[in-house]
Structures are given as structure tokens and as C-alpha cells.
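Quick note, the sequence shown lines up with residues -14 to 219 if you use the numbering used here.
Report on the structure given below.
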Amino acid sequence: MTGRGPVLDRPLEPAWLDAALRIARETGDLDEVRSRLHVALADGGLGTAARVKTVTALMRTWASPRQGSAPAVYWARDALANEEDLRAVHLGALLAAYPFFGDVCATVGRVLALEEQVTTPDVRARIRSSWGDRRTVHNAVQRAIKTLRAFELLTGDPGSSLSHRAERLVVSPRAGRWITHMLLLSRGAESIDEHDLRSAPELFGLRLPERLDNGYVLLERHREGGGRTVLAVV
């Protein structure tokens, strides 16, 4: 762990995050959420230690969010749980839960802005400069890439370090401002220019709507001089 929080040391599947979101909506008892997640993952092919760590990651994402992100996560649990494709919503929640994952996404996004493919060793080398040259970071980068592949934001052969760009996930207008807030939480920032939002490397795998629905109350839109539009945390 660093001052920015723990690394995401488990590859996560969208179906597991679906279960975490559903169970967290059904009960606020964290012990019950944890117990039910262990049952839900029982057939996931995980060993006991791996399942414990995976449940911890799922809890941090949807059931017991880190300080500062809870109101946004709770809003999404109520307002976005019925999205047709929850992968974009899960990605946003992971950005807020794990700034490390956000940094991996940003690194991948910067490479893909110039090329159509990225290698895990290249991402790892770039991440080490800010997160340290530690074995946990080495392994966590690989697991973050596996998560992006599980979300089908990257494609690649099993066991290969080479990943390719895939189709972007469509973000609904209702989720647009919320995704922006998740990005800000990942960065530890309070505001972002709307133009910069649409080129944010962390969101390389998402297609934001042309208009961001104003039904999300934790973020405000301000017009500034020179036609600049800023989205800021309330």
C-alpha cells in the first residue's frame, strides 16, 4: 500500500462485480455481503486464499467504499444498477476504489493513443516510476491488464503480454457525470475541463455520451471565460 491506497492485486471478472453490486443493494450488513460473495465465487475456480482476496476487492468496490467515495458509490448502487451493460459502471467504481487501477488505465490509454497495441512489460515499467519497483506492483499490473481483458476493453492471447485495443463501452447519459466523478476520485482532483474529460486516458475504453445528464447531484457544471466548461465536485 502507498499513500494513494492499495494496489488491485486480483484480476476481477464482470460477473463477480455484478454479484457484488446486487448483494450490496440487498443488504447493508457487511458480514452478510462478504459471506454471500464467498458463496457466489465458490464455483469461480479460485483457491481459498485467492477467493478471500477477491472478495476483499469486491467489497472495497461496491460494499465498503473508501473514504470520500461512499456517497458516489451509493448513488450508483441505486441509480445505475439497471444499466443494460454494467461493465462501464463497474469500471468507474474500480477507478474510485483503486487509484492504482486508474493509473494502469491511464498508462494503457496513453500508449493506445499512439499505437493500436500495448505490452504488459511496458505498462509495468511506466507504473513503477510512481508506485515503486516492488513485486506486488509487478504482479498487480498483470492482474489489472487481465481485468481489462475480462471487461473486453483489451484483447490478447492467453499468456501473451501483447494486448490490442478493443471496442469501447458505451456510457449512458445518466452515467456520464458519475463516471466523471469516479475519474476525479481516482486522480484525487476536484474538477476537470469537459474537453479534457473526453480525452482522459483513464477512460480509453469508454465512449462518453455527447451530453452528460444533469441528474447527478454530486457534480456541478460551470461555464468559465473563453467558453471553457468545467465539471466540479459539489
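Built from N, CA and C at the ideal position, the CB exists for glycine as well.
Computed from a prediction, not measured in an experiment: that's the story for all the values here.
Do you know how far the Cα of E175 is from the Cα of H166? Your numbering for residue 166 matches position 181 in the sequence shown. Your numbering for residue 175 matches position 190 in the sequence shown. Computed Cα separation, rounded: 9 Å.
Taking Cβ to Cβ, would you say A217 is nearer than 8 Å to L203? Indexing the sequence shown from 1 puts residue 217 at position 232. Indexing the sequence shown from 1 puts residue 203 at position 218. Contact: no.
Once the 5 residues before and after G141 are set aside, which same chain residues still bring their CB inside 7 Å of it? On the sequence shown, position 156 is the one that residue 141 refers to. Hits under 7 Å: R134, L147, S148 and H149.
Grab the span of the beta strand (DSSP E) containing S148 for me, first residue to last. The residue labelled residue 148 in the question sits at position 163 within the sequence shown. Here the beta strand (DSSP E) through S148 covers L147 to R150.
Flag this pair as yes or no: are the beta carbons of R(-11) and R128 separated by less than 8 Å? Here residue -11 refers to the residue found at position 4 of the sequence shown. Here residue 128 refers to the residue found at position 143 of the sequence shown. No, the Cβ-Cβ distance between R(-11) and R128 is not below 8 Å.
Enumerate in chain order the residues of its own chain whose CB-to-CB distance from R213 is below 7 Å, with the five nearest sequence positions on each side excluded. Numbered from its first residue, the sequence shown carries residue 213 at position 228. Taken in chain order, the residues that qualify are D178.
Measure the C-alpha to C-alpha separation of A81 and D16 and round it to an integer number of angstroms. Indexing the sequence shown from 1 puts residue 81 at position 96. Indexing the sequence shown from 1 puts residue 16 at position 31. Taking the straight line from one Cα to the other gives about 22 Å.
Which of helix, strand or coil does DSSP assign to L216? Within the sequence shown, residue 216 is the residue found at index 231, counting from 1. Strand.
Residue of R62, E195 and V103 minimising C-alpha distance to S145: The residue labelled residue 145 in the question sits at position 160 within the sequence shown. Of R62, E195 and V103, the residue nearest in Cα terms is V103.
Inter-stretch contact at 8 Å, needing at least 3 Cβ pairs: the region 26 to 33 / the region 60 to 69: no
Here's a check: name, in chain order, each residue in its chain whose Cβ is nearer than 6 Å to the Cβ of L138, leaving out the five neighbours to either side. Locating residue 138 in the sequence shown gives position 153, where the first residue counts as 1. Same-chain partners within the cutoff: A151 and G190.
So what's R109 in DSSP terms, helix, strand or just coil? For the purposes of this step, residue 109 is identified with residue 124 of the sequence shown, where counting begins at 1. Reduced to three states, the DSSP call for R109 is helix.
Is DSSP giving V103 helix, strand or coil here? Indexing the sequence shown from 1 puts residue 103 at position 118. Correct three-state label for V103: strand.
Can G161 and P194 be called in contact, C-beta distance under 8 Å? The residue labelled residue 161 in the question sits at position 176 within the sequence shown. The residue labelled residue 194 in the question sits at position 209 within the sequence shown. Yes, Cβ-Cβ distance for G161 and P194 is below 8 Å.
For a test of the three-state rule: what should DSSP assign to D178, helix, strand or coil? Within the sequence shown, the letter at position 193 stands for residue 178. In this structure, D178 counts as strand in the three-state DSSP scheme.
Mind listing, in chain order, the continuous alpha helix (DSSP H) runs of no fewer than 4 residues lying wholly within the region -4 to 23? -1 to 11
Residue from N67, G173 and A110 with nearest C-alpha to G53: Reading the sequence shown from its first residue, position 68 is the one you call residue 53. Closest by alpha carbon: G173.
Can you tell me whether R109 is buried or exposed? The criterion is at least 16 other CB atoms within 10 Å of its CB, across all chains shown. Taking the sequence shown and counting its residues from 1, the one referred to as residue 109 is at position 124. R109 is buried by the Cβ-count criterion.
Identify every residue that forms a DSSP beta bridge with V155. Mapped onto the sequence shown, residue 155 falls at position 170. Beta-bridge pairing links V155 to R192.
Compute the Euclidean distance between the alpha carbons of L(-3) and I112, then round it to the nearest angstrom. Position 12 of the sequence shown, counting from 1, holds the residue named residue -3. Position 127 of the sequence shown, counting from 1, holds the residue named residue 112. Computed Cα separation, rounded: 19 Å.
C-beta contact flag for A4 and A25 at 8 Å: One-based indexing of the sequence shown puts residue 4 at position 19. One-based indexing of the sequence shown puts residue 25 at position 40. Contact flag set, yes.
Whose CA, out of P158, D198, P(-1) and H180, lies closest to the CA of A78? As a position in the sequence shown, residue 78 is number 93, starting the count at 1. Among P158, D198, P(-1) and H180, the Cα nearest to that of A78 is on P(-1).
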